[in-house]
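Read in my numbering, the sequence shown has 324 at position 342, and its numbers run on one by one without any break.
We treat Cβ as the ideally placed atom computed from N, Cα and C, and that holds for glycine.
Down below is the structure, laid out as structure tokens.
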Amino acid sequence: MPKCSAPIRLLAALLLPMLQASGASALTLTIPPGAAPEIVFEHDRDACEKFDVPDVPASVFRAHDGTVRLIASHWTNRGMAGPDLDHLRHSCDILYEGANDDDPSAFDDRGWITSTYTLDGRTVHALVHNEFHGHRRPALCPSGGYMECWYNTITYAVSTDGGRTFKAPEGRRLVAGVPYRYDPNRGKRSGLFNPANIIRRGDHFYTMLSAAPQGEQAFGICLMRTDRLDDPASWRAWDGNGFTVRFIDPYREEPDPAGPPATCTPVPGLTRLMTSLSLHRPSGLYIGLFTHRQPTGADGATVDGVFYRTSPDLLAWSPPRLLFPTPVTLNKGCDTRPVVYPSLVDPDSPSRNFEDTDDDAYIYMTRITMDGCKTGWTRNLVRLRVRIDR
């Protein structure tokens, strides 16, 4: 076989990402005819208090005793459990809650369990979306504004009883954050936010998260991975070429002036966080779900809805495609019921963590009831059948 010339090799290098993205779009997700939303958690019926609402995407795993557990909660974290996903019951038992610590360096104010993963069903590792609410501490943030005083990190918690209770480890709990301390004078929120579910690929475990722009940290969607779920310091973020970014604790470490910045490089082309990552077993492609608003034509009209992208490697993603139109929080309106936090879950997945799917699955999502023209606290978790075709 003749050797490729240098121009051909260069052309191949330039085309490979486009070919990967094109191949990644070879899946079509649709809602089957007659499919209707099914209520999984109904606030008026199941809530233990006003703020007991599904406020993050659903994380699902199978415990060591065969119990299926689903977590989609608020900062006072509760869960649902049952023999399978068709028979879940909500519990008022608190499985995790932040310490409401007034010190931003503690990374332990209010925390939402957003991502779980277990290898044996007994030890369950969790990523926590941790918000420091400076507006609740006037001495630390005189403006008193929620967004202006918000400092966010990703922390770690673990359960040793099959997901019934979680707690932070002794020592370091910080998984990921910006290399800057809390600054009440920024006038905008700061940090890394909302990790998606954890998914295994080879010897590593991956998740995505969103980054607010600050200093050397660019705005966008970052990808990070680890080979040690039990070590919060082991996560490394993508730097544009490889997974080399080590997150530092800005209260206990100084950035290496001779080394690369401790900030993640956003994945090219992604502007909306995919709240769900799942492997489609028949094709070997990854599916990401997210809510989005997108132009529909040259007339400038837009459509709000649940969208999806596909990828062969979690880095090269297809263009967004509309799964179904629905109001989202980007355009709530006063008489709508917006949908947020879609996640793809296959009830018959062979994975203990429900991280993969065949051609039939459900989308779990939070449906919000508006209170006048504001986001209300009546929020239900619903699911809707979805079909995946190649």
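Checklist entry - By how many angstroms is the C-alpha of V322 removed from the C-alpha of P36? => result Cα to Cα, P36 sits roughly 10 Å from V322.
Next on the checklist: Rounded to whole angstroms, what is the Cα-Cα separation between F148 and G282?
Outcome noted: When rounded, the distance between both Cα atoms is 48 Å.
Checklist entry - Roughly how far, in whole angstroms, is the beta-carbon of H46 from the beta-carbon of D102, given that I think they are within contact range, below 8 Å? => result Taking C-beta atoms under 8 Å as the contact rule, H46 and D102 qualify, at a distance of about 6 Å.
Checklist entry - Can you tell which of R334, V50, P161 has the C-alpha that lies nearest to the C-alpha of E236? => result Of the residues R334, V50, P161, the one whose Cα lies closest to the Cα of E236 is P161.
Checklist entry - Which residues does DSSP pair with N134 in a beta bridge? => result N134 is bridged by DSSP to E113, G173.
Item to check | Alpha-carbon to alpha-carbon, R254 and V285 | outcome: Looking at the two C-alpha atoms, the distance is approximately 15 Å.
Next on the checklist: So, for I(-10): in the same chain, excluding its five sequence neighbours on each side, which residues have a beta-carbon less than 7 Å away from its beta-carbon?
Outcome noted: Because I(-10) sits at a pLDDT of 34, beneath the cut-off of 50, its placement in the model cannot be relied upon, and the point is left open.
Item to check | Beta-carbon proximity of N179 to S265, cut-off 9 Å | outcome: Between N179 and S265, the CB-CB gap reaches or exceeds 9 Å.
Next on the checklist: P329 and V288 - do their beta-carbons sit closer together than 9 Å?
Outcome noted: In this structure, V288 sits away from P329, with a CB-CB distance that is not shorter than 9 Å.
Next on the checklist: Considering only DSSP beta bridges, list what Y290 is partnered with.
Outcome noted: Note: Y290 sits in a beta bridge opposite L271, R303.
Item to check | N-terminal and C-terminal residue of the alpha helix (DSSP H) that R361 is part of | outcome: Where R361 is concerned, there is no enclosing alpha helix (DSSP H), although the beta strand (DSSP E) it sits in stretches over 356 to 371.
Item to check | Beta-carbon spacing of T339, H262 below 9 Å | outcome: A contact, by the Cβ cut-off of 9 Å.
Item to check | Sequence-distant residues of the same chain with beta carbon closer than 6 Å to S4, five excluded per side | outcome: Note on S4: pLDDT 46, under 50, position unreliable in the model; no value is reported.
Next on the checklist: Just to confirm before moving on: does the CB-CB distance between L191 and F201 stay below 9 Å?
Outcome noted: The Cβ-Cβ distance between L191 and F201 does not fall below 9 Å.
Item to check | Beta-carbon contacts of N112 that lie in its chain and below 6 Å, excluding the five residues immediately before and after | outcome: Only residues of its own chain outside the window of five on either side were considered, and among them F89, G93, T135, T137 have a CB closer than 6 Å to the CB of N112, listed in chain order.
Checklist entry - A215 by DSSP, collapsed to three states: which one? => result In the three-state reduction of the DSSP assignment, A215 falls in the helix class.
Item to check | Close Cβ partners of G354 (< 8 Å) along its chain, the five nearest in sequence each way excluded | outcome: The beta carbon of G354 sits closer than 8 Å to the beta carbons of C316 from its chain, once the five residues preceding and following it are set aside; these are given in chain order.
Checklist entry - Ends of the alpha helix (DSSP H) at D28? => result Membership of D28 in the alpha helix (DSSP H) is indicated by the continuous run 25 to 28.
Checklist entry - Would DSSP call T284 helix, strand or coil? => result Reduced to three states, the DSSP call for T284 is strand.
Checklist entry - Quick one: is T142 buried, meaning 16 or more other Cβ sit within 10 Å of its Cβ, or exposed? => result Its Cβ having fewer than 16 others within 10 Å, T142 is exposed.
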